[in-house]
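K.L.:
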Amino acid sequence: MSNELMQALKELEKERGIPQEALIEAIKSALNTAYKKNFGTTQNVSVELNKMTGEVQVYAQKRVAQQVKDSCMEISLEEAQMIDPTCEEDTIISVEITPSNFGRIAAQTAKQVVVQKLREAERTLIYEEFSEREGEVVTGTIQRIESKTVVVNLGRTEGIMLPSDQILSERYEVGQRVKGYIYEVKNTSKGPSVFISRTHPYFLKRLFELEVPEIYEGLVEIKSIAREAGSRSKISVHSIDDKIDSVGACVGPRGIRVQNIVTELNGEKIDIIKYHRDPDKFIANALSPSKVLLVWIDGEGKKARVVVPDYQLSLAIGKEGQNARLAAKLTGWKIDIKSESQAEEENEPDD
Numbered sequence: 007m008s009n010e011l012m013q014a015l016k017e018l019e020k021e022r023g024i025p026q027e028a029l030i031e032a033i034k035s036a037l038n039t040a041y042k043k044n045f046g047t048t049q050n051v052s053v054e055l056n057k058m059t060g061e062v063q064v065y066a067q068k069r070v071a072q073q074v075k076d077s078c079m080e081i082s083l084e085e086a087q088m089i090d091p092t093c094e095e096d097t098i099i100s101v102e103i104t105p106s107n108f109g110r111i112a113a114q115t116a117k118q119v120v121v122q123k124l125r126e127a128e129r130t131l132i133y134e135e136f137s138e139r140e141g142e143v144v145t146g147t148i149q150r151i152e153s154k155t156v157v158v159n160l161g162r163t164e165g166i167m168l169p170s171d172q173i174l175s176e177r178y179e180v181g182q183r184v185k186g187y188i189y190e191v192k193n194t195s196k197g198p199s200v201f202i203s204r205t206h207p208y209f210l211k212r213l214f215e216l217e218v219p220e221i222y223e224g225l226v227e228i229k230s231i232a233r234e235a236g237s238r239s240k241i242s243v244h245s246i247d248d249k250i251d252s253v254g255a256c257v258g259p260r261g262i263r264v265q266n267i268v269t270e271l272n273g274e275k276i277d278i279i280k281y282h283r284d285p286d287k288f289i290a291n292a293l294s295p296s297k298v299l300l301v302w303i304d305g306e307g308k309k310a311r312v313v314v315p316d317y318q319l320s321l322a323i324g325k326e327g328q329n330a331r332l333a334a335k336l337t338g339w340k341i342d343i344k345s346e347s348q349a350e351e352e353n354e355p356d357d
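Numbering (my numbering), first residue to last: 7 to 357.
Structure (structure tokens):
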């Protein structure tokens with residue numbers, strides 16, 4: 007160990023932000039463990055590291071005794087006074103017991119500690135960086151697939167895409183470029199775990215923000231999203247500026263903006279719905295592409311009864327009830343859909 011070590015510790019503090027004092031304490035702790043491991047002593051020892059020179063010294067705490075019975079724990083008064091002339095019997099004195107070959111062990115131990123601390127510092131920096139990016143869309147390359155979990159190379163760390171975060175209709179392959187939404191970052195003993203999703207509703211929201219300048223600038227806002235990933239989504243939008251058509255802005259010239267998002271989601275159908283503060287109008291819009299004749303609102307249970315033309319009933323309900331289900335999720339209302347004929351039958355007086 008030498009002054010070079012102390013200089014290296016100063017550089018680490020300057021470049022990596024690792025406090026020199028913390029490194030010194032960690033090295034001292036590791037040297038204590040290394041000494042006991044290599045020399046198997048039961049003595050009460052402490053390892054000191056000179057902050058100026060980098061020299062390492064091992065000290066044992068011994069009791070001054072008139073007659074030494076245990077040389078590991080005791081020292082004679084005569085020997086003790088050669089170290090400290092003022093010491094007396096029964097006092098505790100520090101005696102240097104640095105082994106001749108401890109310098110090599112100390113250098114190796116210090117190197118291991120520094121490497122470990124560098125790893126910890128790197129993990130902390132990565133965790134802080136990606137914690138701040140929670141809620142963002144990232145792009146990476148699929149590195150490997152383990153038990154249906156997709157591991158994505160994000161540069162400084164890996165992104166984890168669990169089976170529940172994967173679109174069922176998509177097929178993932180090693181080397182493939184993929185986008186995902188960071189919804190959680192955990193700090194673990196093995197380093198930061200970054201969880202990304204392609205099924206999260208906010209993934210769709212972020213894609214619209216990236217594709218539609220009016221949303222990014224706050225002129226058009228996304229009010230709600232209902233999504234069945236890989237199949238169909240509904241998104242309601244509202245314009246802050248009356249001069250801007252919220253739906254038209256999202257669709258884009260010749261439909262290019264929404265088409266880019268559909269392409270990214272491998273053909274997932276997207277209905278862009280105009281938000282309305284009146285629940286009946288909002289519900290009617292949400293059931294697009296079907297035409298709605300009437301909407302009755304029951305405010306107490308947030309229930310709505312909707313009447314559609316006979317020929318539009320199946321369209322309003324959708325395949326396996328998907329359109330009605332998404333409309334209910336988008337609006338937050340329970341929706342009961344009836345055809346015009348069904349509504350008339352229910353309203354006819356009994357004979």
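Backbone N, C-alpha and C fix where the C-beta goes; we use that ideal spot for every residue, glycine too.
What's the C-alpha gap between Glu140 and Gln13?
P.N.:
Position 134 of the sequence shown, counted from the first residue, corresponds to residue 140. Position 7 of the sequence shown, counted from the first residue, corresponds to residue 13. Approximately 37 Å between the Cα atoms of the pair.
K.L.:
Could you tell me if Ile341 is buried or exposed, where buried requires 16 or more neighbouring beta carbons within 10 angstroms of its beta carbon?
P.N.:
Along the sequence shown, read from residue 1 onward, the residue named residue 341 stands at position 335. So Ile341 counts as buried.
K.L.:
So if DSSP puts Tyr41 in a beta bridge, which residue, or which two residues, is it bridged to?
P.N.:
Along the sequence shown, one-based indexing puts residue 41 at 35. None; Tyr41 has no bridge partner.
K.L.:
In three-state terms, what does DSSP make of Thr269?
P.N.:
Along the sequence shown, one-based indexing puts residue 269 at 263. It is helical.
K.L.:
Suppose you measure from the CA of Lys344 to the CA of Arg311; what does that come to, to the nearest Å?
P.N.:
Taking the sequence shown and counting its residues from 1, one reaches residue 344 at position 338. Taking the sequence shown and counting its residues from 1, one reaches residue 311 at position 305. Lys344 and Arg311: Cα-Cα distance of roughly 8 Å.
K.L.:
For Lys20, I'd like the list of residues in its chain whose CB is within less than 7 Å of its CB, leaving aside the five on either flank, ordered along the chain.
P.N.:
Position 14 of the sequence shown, counted from the start, is the residue given in the question as residue 20. Contacts found: none.
K.L.:
With a threshold of 8 Å between beta-carbons, can Ile202 be considered close to chain B, or not?
P.N.:
Protein chains in the displayed structure number just one, and chain B is not present.
K.L.:
Give me the residue from Ala290, Ser347, Pro198 with the minimum Cα distance to Tyr317.
P.N.:
The residue labelled residue 317 in the question sits at position 311 within the sequence shown. Closest by alpha carbon: Ser347.
K.L.:
Helix, strand or coil for Pro198? Go by DSSP, reduced to three states.
P.N.:
Taking the sequence shown and counting its residues from 1, one reaches residue 198 at position 192. It is a strand residue.
K.L.:
Within the chosen definition, does the segment 235-246 reach the segment 261-276 through at least 3 CB pairs nearer than 8 Å?
P.N.:
Verdict: yes, contact present.
K.L.:
From Asp357 to Glu351, what distance separates their C-alpha atoms?
P.N.:
Mapped onto the sequence shown, residue 357 falls at position 351. Mapped onto the sequence shown, residue 351 falls at position 345. A caution first: Asp357 carries a pLDDT of 45, below 50, which makes its placement in the model too unreliable to give a value.
K.L.:
Please classify Trp339 as buried or exposed, where buried requires at least 16 neighbouring CB atoms within 10 angstroms.
P.N.:
Within the sequence shown, numbered from 1, the residue matching residue 339 stands at position 333. Buried, because 16 or more other Cβ atoms sit within 10 Å of the Cβ of Trp339.
K.L.:
What is the DSSP secondary structure of Val119, reduced to helix, strand or coil?
P.N.:
Residue mapping note: residue 119 aligns to position 113 of the sequence shown, counting from 1. The answer is helix: DSSP assigns Val119 an H, G or I state.
K.L.:
Can you tell me which of the three DSSP states Asp284 falls into?
P.N.:
The residue you call residue 284 lines up with position 278 of the sequence shown. Coil at Asp284, not helix or strand.
K.L.:
Could you check how far apart the C-beta atoms of Phe209 and Val143 are, in whole angstroms? I think they sit under 8 Å.
P.N.:
Locating residue 209 in the sequence shown gives position 203, counting from the first residue. Locating residue 143 in the sequence shown gives position 137, counting from the first residue. The pair is a contact, with the Cβ atoms about 7 Å apart (cut-off 8 Å).
K.L.:
Taking the beta strand (DSSP E) that Ser230 falls in, what are its first and last residues?
P.N.:
Stepping through the sequence shown from its first residue, residue 230 is reached at position 224. First-last of the beta strand (DSSP E) with Ser230: 226-234.
K.L.:
Express the C-alpha separation of Thr145 and Gly261 in angstroms, rounding to a whole number.
P.N.:
The residue given as residue 261 occupies position 255 in the sequence shown. The residue given as residue 145 occupies position 139 in the sequence shown. Cα to Cα, the separation comes out at about 24 Å.
K.L.:
Does Pro295 pass the burial test, meaning 16 or more other C-beta atoms within 10 Å, or should it be called exposed?
P.N.:
In the sequence shown, the residue the question calls residue 295 occupies position 289. So Pro295 ends up on the exposed side.
K.L.:
Taking 8 Å as the threshold (C-beta atoms), are Leu300 and Lys240 in contact?
P.N.:
To locate residue 240, count along the sequence shown from 1; it is residue 234. To locate residue 300, count along the sequence shown from 1; it is residue 294. Taking 8 Å as the Cβ cut-off, Lys240 and Leu300 do not qualify as a contacting pair.
K.L.:
For Arg2, which three-state DSSP category applies?
P.N.:
Outside the displayed range of the chain (7 to 357) lies residue 2, so it cannot be described from this structure.
K.L.:
Give the single residue among Val298, Ile278, Glu223 whose Cα lies nearest to the Cα of Lys287.
P.N.:
Position 281 of the sequence shown holds residue 287. Cα-wise, what sits closest to Lys287 is Val298.
K.L.:
Look at Gln73 and Asn50 and say whether their C-beta atoms are less than 8 Å apart.
P.N.:
Working through the sequence shown from its first residue, we reach residue 73 at position 67. Working through the sequence shown from its first residue, we reach residue 50 at position 44. The answer is no: Cβ separation not under 8 Å.
K.L.:
Taking all protein chains shown into account, do 16 or more other C-beta atoms lie within 10 angstroms of the C-beta of Ile151, making it buried, or fewer, making it exposed?
P.N.:
On the sequence shown, position 145 is the one that residue 151 refers to. Exposed.
K.L.:
Cβ of Arg182 within 8 Å of Cβ of Ile148?
P.N.:
On the sequence shown, position 176 is the one that residue 182 refers to. On the sequence shown, position 142 is the one that residue 148 refers to. Contrary to the premise, residue 182 reads as Gln rather than Arg in this sequence. Their beta carbons are under 8 Å apart, which means Gln182 touches Ile148 by this criterion.
K.L.:
Using a Cβ-Cβ cut-off of 8 Å (strictly less than) and excluding sequence neighbours within five positions of Cys93, which residues of its own chain qualify?
P.N.:
Residue mapping note: residue 93 aligns to position 87 of the sequence shown, counting from 1. Val70, Leu83, Ala86, Gln87, Ile99.
K.L.:
Rounded C-beta distance between Leu225 and Ser245? I'm assuming under 8 Å.
P.N.:
By 1-based counting over the sequence shown, the position of residue 225 is 219. By 1-based counting over the sequence shown, the position of residue 245 is 239. Indeed they touch by this definition, with Cβ atoms about 7 Å apart.
K.L.:
On a Cα-Cα basis, can you pick out the residue from Ile202, Asp284, Glu138, Leu321 that is closest to Asp304?
P.N.:
For the purposes of this step, residue 304 is identified with residue 298 of the sequence shown, where counting begins at 1. Nearest of Ile202, Asp284, Glu138, Leu321 to Asp304, Cα basis: Asp284.
K.L.:
Use the C-beta contact count for Arg162: other C-beta atoms within 10 angstroms, 16 or more gives buried, fewer gives exposed.
P.N.:
Along the sequence shown, one-based indexing puts residue 162 at 156. When all chains shown are included, Arg162 counts as exposed.
K.L.:
Taking all protein chains shown into account, decide if Leu37 is buried (16 or more other Cβ within 10 angstroms of its Cβ) or exposed.
P.N.:
Residue numbering aside, residue 37 sits at position 31 when the sequence shown is read from its first letter. It counts as buried.
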